[in-house]
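J.: My structure is below; once you've seen it, I'll send some questions.
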Amino acid sequence: MMKTVPVQDSIGNVLCHDMTRIVPGEYKGPAFKKGHIITPEDIPVLLEIGKEHVYILTLEEGQLHENDAARRIAKAAAGPGITLTDISEGRINMIASPGLLCINVEALNRINSIDEVVLATLHNGIQITEAREVAGTRVVPLVIDENKIEQVEEICRECGPIVSVKPFRNLKVGLITTGSEVYHGRIKDKFGPVIRKKFSQLNSEVMGQTFVSDDPDMTSTAILKAIDDGAQMVVVTGGMSVDPDDQTPASIRATGAEIVTYGSPTFPGVMFMLGYLNGVPIVGLPGCVMYYRASIFDLIVPRIVAGERPTRADIAELGHGGFCAGCDTCRYPLCSFGK
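Each residue of the sequence shown is one higher than the one before, counting from 32 in this note's numbering.
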């Protein structure tokens, strides 16, 4: 229960809301925060900012203050790879460590269907390359019925973490670059530096790069050799289009790999291939990966590095959001692409 008392009678009580102090042209900020226990020294300051009465809070049985409610929601919802900020204005944010952000969307929707409870996140599957805030929680009123928070906790126990991070594995990647023009030195390879940089951001490393011509047998042999040499993923660049000379898809099939997809409902990234040979992912990348900051690579490869195994259905779902807006300044992953 919240009640108003004269400032002079408030000593020893707990403030139930923030109080702002404004010095024109100099300062605007909290003079006192919620939860502050009023002391005799505070009385002149309160009077100075125009507060002759203050609101203090007395909780009834079965009620929770918003700060306690937020702490319980955050603790229940946060999983591996997530740390919590201090509470501010009734809100706690969640900070993700590097890895693949995982949001249990179905459970998240159930939580937000509980009246007066709020848990907001970034999109599922976002690549986190350095620690950043990815979610926040609070309740709407100053005081909430405890049973609503207990419902949140029950959903989290039933469904597991709502917000978590899968760390990127440290994979050894074999890189096969196809194309007679590169193989014979007529043009300089531009794919290699891009792929090395992308994998370094995923805690993985390119163990070696092999150049091959447009000969399918030569490409298949190079893929198999990379796996024999210890590659835990093989990336094949170039030769992914439908032109007669582009034989990379046939080369990947010739290894005996189980093909998940050839083609992806994404622009850029349509001519993408994913297959597995004895558990080793083989990825065929179209040329757009060289030129676009965000492409099919960034939607699927981080998931593989984090230990997931994308299915054909997962690829199909990329169509909703798979059209890159082509912004003048790319802000991926904080955009709609692939969401």
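Ideal Cβ placement from N, Cα and C applies to all residues, glycine included.
Of all the options Ala337, Ser119 and Gly43, which has the alpha carbon lying nearest to the alpha carbon of Lys64?
T.: Ser119
J.: Go ahead and label Ser231 buried or exposed: buried means 16 or more other beta carbons lie within 10 angstroms of its beta carbon, across all protein chains shown.
T.: exposed
J.: Going straight from the alpha carbon of Asp49 to that of Pro61, what length do you get?
T.: A straight-line Cα-Cα distance of about 6 Å links Asp49 and Pro61.
J.: Looking at C-alpha atoms only, which residue of Met302, Tyr363, Pro296 and Arg362 is the closest neighbour of Asp345?
T.: Pro296
J.: Terminal residues of the continuous beta strand (DSSP E) containing Phe63?
T.: Tyr58 to Phe63
J.: So for Gln223, helix, strand or coil by DSSP?
T.: Looking at the sequence itself, residue 223 is Gly, so the reference to Gln does not match. It is helical.
J.: Please say whether Val291 and Thr209 have beta carbons closer to each other than 8 Å?
T.: Against a cut-off of 8 Å, the Cβ pair of Val291 and Thr209 comes out as no contact.
J.: Looking only at C-alpha atoms, which of Val171, Ser195 and Pro111 sits nearest to Thr152?
T.: Ser195
J.: So which of Ile258, Thr252, Tyr214 and Ser251 has the shortest CA-CA distance to Phe242?
T.: Tyr214
J.: Ordered along the chain, which non-local residues of its own chain (more than five positions away) have a Cβ less than 7 Å from that of Leu330?
T.: Thr297, Leu349 and Gly369
J.: Ser251 and Ser282: beta carbons closer than 8 Å?
T.: yes
J.: In terms of residues, what are the limits of the beta strand (DSSP E) holding Cys133?
T.: Gly130 to Ile134
J.: If you reduce the DSSP assignment to three classes, tell me which class Asp248 lands in.
T.: helix
J.: Go ahead and pull the three-state DSSP assignment for Gln240.
T.: strand
J.: What does a CB cutoff of less than 7 Å around Ile180 pick up in its chain, not counting 5 residues either side in sequence?
T.: Leu95, Ala100, Arg103 and Ile104
J.: For the alpha helix (DSSP H) that contains Ala127, what are its first and last residues?
T.: Note, Ala127: premise wrong, no alpha helix (DSSP H); beta strand (DSSP E) at Ile123 to Ala127.
J.: Do you know offhand how far Asn143's Cα is from Glu164's?
T.: 19 Å
J.: For Arg122 and Val36, I'd like the C-alpha separation in whole angstroms.
T.: 26 Å
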